[in-house]
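Numbering (the working numbering), first residue to last: -8 to 342.
Yeah, the Cβ is synthetic: ideal placement off N, Cα and C, and Gly gets one too.
Keep in mind the model is a prediction, meaning the values are calculated, not measured.
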Amino acid sequence: MLKARESVRTLKEYHPPLGNREGLRLDFNENTVGCSPKVIEYLKEKLTADALTVYPEYIDAMRELAAYFAVAPGELLLSNGTDEAIQVLINTFVDDGDDVLLLKPSYAMYRFYAELAGASVREIDYAATDLEFPLDEFIAAIRPSTRAILIANPNNPTGTGINLDAIRRILEAAPQAAVLIDEAYFEFCGVTALPLVRQYPNLFVSRTFSKVFGMAAMRCGCLFSSVENVRWMHKAQSPYSVNMLAALAARAAIQDRQHVALGLAPPQRVFALHRGHGLNHVRAPNRLHAGLRESEVPHLTFHNQILDGARDVLDWHLRIHAVLIQQIDDVDLEPAQRSLGDFADVRRPTV
Ligand SMILES: Cc1ncc(COP(=O)(O)O)c(C=O)c1O
């Protein structure tokens, strides 16, 4: 029998949902509203037998996406979702045994790809009391040997974020490291490090079409950095990892700014949808926590998750209302902080 590489043998398995997910899906931060109808129209128009015979061509998508994000095409790498962006970044800049600094809890794929590459991963805990970014502790943990730092801003699953001053401090404390600011939820908070890319050669920023654009199934993302860094990453990337439909869908999605605004507006449609599943929406995080603790009435929020605990309440939800939520078992938080905030939280960077 063949033996897998050491890093694969010791890797903690990630179990994504593969089916049976009927109901209100709050477990993997998917968009519960849907993508722009214009994306669907455009894909139907372009989907022909002849079009499928051709390897994907990215020139138009690159030009239009670069214009949308206000960068030069050379500063943009198109990727098969943020996941591939993380993988390409690690494969390009991290060697076996290198030090990689993360936060906990955060998006699972940072650790996954870093460990797969054989890196030595360290994690700094989000503050157990208020789930805020532990800025001073994190900066103190950066070593001259640290080769990559991966941060979600705002973070999944805490919903908390950092501001540009904090990001600058991290970039300046780690000039030797590739620092990724994963902005998968940028549209929900409005803080972006993208304009800093020309100032900091160690900065990488990622965006995705999986969240506010509602196209997680398409697997399309963008990774931004200096032209030199993008050139290296391009070299390390599979040439056709973004399929032709994903590139077309991204082009159509950025044309429909109204649809994105709809997803971001006070989400009455989303609330109505959730109420249809028997969920009460509570915008104030304190009431949310109180609701979970005291009334035992489940209060869930859009684009967020429940951390740990309250398993019986959540199971009840699963059974009665077909609402899917995610259990995260390896995080030790104060009971009062177990459920997370909502839009109000992520709109306001606090560090
Ligand atoms: C912080 C963060 N980054 C990235 C992703 C995944 O993005 P993509 O679908 O583009 O791979 C998620 C998905 O939940 C996420 O929470």
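Residue i classed as buried or exposed, judged by whether at least 16 other C-beta atoms fall within 10 angstroms
i, result
"LEU56", "buried"
"SER27", "buried"
"ARG222", "exposed"
"ILE77", "buried"
"SER70", "buried"
"TYR33", "buried"
"GLY72", "buried"
"ARG210", "buried"
"PRO148", "buried"
"THR151", "buried"
"ASP90", "buried"
"ARG138", "buried"
"PRO7", "exposed"
"VAL233", "buried"
"GLU75", "buried"
"ALA52", "buried"
"GLU48", "exposed"
"PRO230", "exposed"
"ASN11", "exposed"
"MET(-8)", "exposed"
"VAL46", "Here the sequence assigns Tyr to residue 46, which means Val is not the residue at that position. Result: exposed."
"GLU66", "buried"
"ILE245", "buried"
"LEU142", "The amino acid at residue 142 is misidentified as Leu; the sequence shows Ile. ILE142 is buried by the Cβ-count criterion."
"GLN249", "exposed"
"ALA237", "buried"
"ARG54", "exposed"
"ALA208", "exposed"
"ILE161", "buried"
Residue i (DSSP reduced to helix, strand or coil)
i, result
"LEU162", "helix"
"LEU9", "coil"
"ARG189", "coil"
"PHE103", "helix"
"PHE179", "helix"
"LEU171", "strand"
"GLU4", "coil"
"ARG242", "helix"
"LEU141", "strand"
"ILE115", "strand"
"ASP156", "helix"
"GLU(-3)", "helix"
"PHE124", "coil"
"ASP108", "Before going further, note that residue 108 is Ala rather than Asp in the sequence given. Correct three-state label for ALA108: coil."
"ILE130", "helix"
"ALA184", "coil"
"TYR98", "coil"
beta-carbon residue i near ligand 3 non-hydrogen atom, thresh 7 Å
i, result
"GLY25", "As for ligand 3, it is missing from this structure, which binds only ligand 1."
- Item | Any beta strand (DSSP E) of 3 or more consecutive residues that is wholly inside the segment 16 to 94 | Taken in chain order, the whole beta strand (DSSP E) runs of length 3 or more contained in the segment 16 to 94 are 67 to 70.
- Task: Flag this pair as touching only if the segment 92 to 99 and the segment 113 to 130 have three or more C-beta atom pairs under 8 Å; answer yes or no.
- Result: yes
- Message: Taking contact to mean 3 or more Cβ pairs, one atom from each stretch, closer than 8 Å, check whether the segment 131 to 147 and the segment 202 to 214 are in contact.
- Response: no
- If we count Cβ pairs, one from each stretch, closer than 8 Å, do we get three or more for the segment 73 to 82 versus the segment 117 to 127? no
- Item | Contained beta strand (DSSP E) runs [length at least 3] in the segment 188 to 238, N- to C-terminal order | 194 to 199 and 212 to 215
- Message: For the pair the segment 154 to 174 and the segment 183 to 196, tell me if three or more CB-CB distances fall below 8 Å.
- Response: Contact check between the segment 154 to 174 and the segment 183 to 196: three or more CB pairs, one atom from each, fall below 8 Å, which counts as touching.
- Query: Is the number of C-beta pairs between the segment 212 to 220 and the segment 61 to 70 that are closer than 8 Å three or more?
  - Reply: yes
- Three-pair Cβ contact test at 8 Å for the segment 176 to 186 versus the segment 153 to 161: yes
- Evaluate contact between the segment 157 to 169 and the segment 38 to 49, counting only Cβ atoms and requiring at least three cross-stretch pairs below 8 Å. Taking 8 Å as the limit for Cβ pairs, the verdict is that the segment 38 to 49 does not touch the segment 157 to 169.
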